[in-house]
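Worksheet: the structure to be examined is printed underneath.
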Amino acid sequence: MNKSQDYQLTIVVPVYNEEDNIYALEQKLSAFLPLSLCKACVLFVNDGSKDRSPERIREVCDRNEHFFYMDLSRNAGLSAAMKAGIDHAYSDYVGYMDADLQTTPEDFNLLLKDIGSYQLVIGIRADRKDSFFKNFQSKIANGFRRMMTNDGVQDTGCPLKVLHTDYAKRIPFFTGMHRFLPALIQLQNGRVQQVPVRHFPRVAGVSKYNLWNRLISPFMDCFAYRWMKKRYINYQVGDNNLGS
Ligand code: UDP
Ligand code: MG
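Start counting the sequence shown at 275; every next residue gets the next number (the numbering used here).
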């Protein structure tokens with residue numbers, strides 16, 4: 275049996291070369307779990323890290339009952355790590371946060387308040403603590419994506435989210451999809467709520483994304499989304515004798 279079945283929420287944390295963040299993550303996440311509005315566990319997805327992240331993840335999972343991990347055999351990128359986490363989560367809800375601690379798990383409770391009525395609750399990074407250049411890139415990318423997808427979402431890249439697991443598992447996955455989650459939930463007629471959350475500077479480790487992979491590929495993905503929206507299959511089951 276997959277251990278996440280015993281929980282209502284699985285918090286997926288993708289990790290790629292984040293050795294200097296693992297102990298701080300342990301501290302923040304273990305402090306949050308007893309306070310969580312619903313029974314929660316943590317799933318570290320080690321995306322083929324080449325530093326000491328894998329050993330440290332094992333170490334913190336050994337001493338925390340509600341921490342689990344999985345390794346990807348080689349680095350596959352954030353969207354793949356997120357998909358692996360979602361594929362292996364069997365709780366009602368799946369949460370997401372980055373390993374860089376630019377958001378805090380405490381704020382999951384702000385999102386969880388609304389998860390009963392929305393299929394995705396996403397943060398809005400109030401008062402972003404990133405460089406002027408990164409904020410600028412992100413503003414352009416968010417603005418263009420909003421125009422192309424019409425998702426009405428202010429901060430699609432916010433690394434703090436909670437989704438209904440059944441909706442998350444139906445997302446059409448592709449490299450770069452992690453930037454389109456709200457639009458991909460809306461494809462399935464899911465409802466999206468946005469809630470302001472706190473944001474902090476990255477104090478350890480380095481950003482894995484640059485101008486190219488933050489702007490150019492996501493630009494092309496917007497066209498793929500438009501195509502998918504036209505062709506996406508939504509069906510509703512009528513009478514049947516299969517049972518649930
Ligand atoms: N990450 C990953 N695989 C990758 C690149 C990044 O799992 O190939 C993780 C990384 O460890 C972090 C999250 O994805 O937890 C977001 O990465 P990062 O903070 O570097 O991106 P940024 O916030 O700068 O866009
Ligand atoms: Mg980051």
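Virtual Cβ for every residue (Gly too), placed ideally from N, Cα, C.
For the ligand UDP, any of its heavy atoms closer than 7 Å to the Cβ of lysine 435? No.
Heavy atoms of the ligand UDP versus C-beta positions, residues under 6 Å: Pro288, Val289, Tyr290, Glu292, Asp321, Asn349, Gly351, Leu352, Ala355, Asp372, Ala373, Asp374, Ser481, Lys482 and Tyr483
What's the call for glutamate 329, buried or exposed, on a 16-neighbour Cβ count within 10 Å? exposed
Cβ atoms of serine 365 and tyrosine 441: under 8 Å apart, would you say? no
Could you check if arginine 453 belongs to the surroundings of the ligand MG, using beta carbon to heavy atom distance under 7 Å? no
Which of helix, strand or coil DSSP assigns to tyrosine 499: helix
Using the Cβ count rule (16 or more neighbours within 10 Å means buried), how would you classify lysine 435? buried
Go ahead and label tyrosine 253 buried or exposed: buried means 16 or more other beta carbons lie within 10 angstroms of its beta carbon, across all protein chains shown. Within the shown structure, residues of the chain are numbered from 275 to 518, placing residue 253 beyond reach of any answer.
Would you please state the rounded distance, in angstroms, between the beta carbons of glycine 322 and asparagine 295? I believe it to be under 8 Å. The Cβ separation is near 16 Å, so there is no contact.
Does the Cβ-Cβ distance between alanine 355 and valine 319 come in under 8 Å? yes
Do the CB positions of valine 427 and glutamine 468 come within less than 8 Å of each other? yes
Which residue comes first and which comes last in the alpha helix (DSSP H) that contains tyrosine 343? Where tyrosine 343 is concerned, there is no enclosing alpha helix (DSSP H), although the beta strand (DSSP E) it sits in stretches over 341–346.
Do you know how far the Cα of valine 480 is from the Cα of valine 334? 21 Å
DSSP state of alanine 298 mapped onto helix, strand, coil: helix
Which first and last residues belong to the beta strand (DSSP E) in which glutamine 376 is found? Where glutamine 376 is concerned, there is no enclosing beta strand (DSSP E), given that its DSSP letter is neither H nor E.
Please name the residue or residues paired with isoleucine 398 in a DSSP beta bridge. Pro470
Using the rule of at least 16 other Cβ atoms within 10 Å of the residue's Cβ for burial, across every protein chain shown, is serine 278 buried or exposed? buried
May I ask whether a heavy atom of the ligand MG can be found less than 7 Å away from the beta carbon of arginine 488? Answer for arginine 488: no, Cβ out of range of the ligand MG.
Quick check on glycine 369: does DSSP put it in helix, strand or coil? Looking at glycine 369 - three-state DSSP - the assignment turns out to be strand.
Which one of Ser412, Ser347, Asn409 and Ile490 has the shortest CA to CA distance from valine 289? Ser347
Measuring only from the beta carbon, is glutamine 467 closer than 7 Å to any heavy atom that is part of the ligand MG? no
Report yes if the C-beta of glutamine 376 is less than 7 Å from at least one heavy atom of the ligand MG; otherwise report no. Between the ligand MG and the CB of glutamine 376, the shortest heavy atom gap is smaller than 7 Å.
What is the C-beta distance between proline 446 and methionine 371, in whole angstroms, given that I count them as a contact (C-beta under 8 Å)? Contact doesn't hold; Cβ gap of about 23 Å is too wide.
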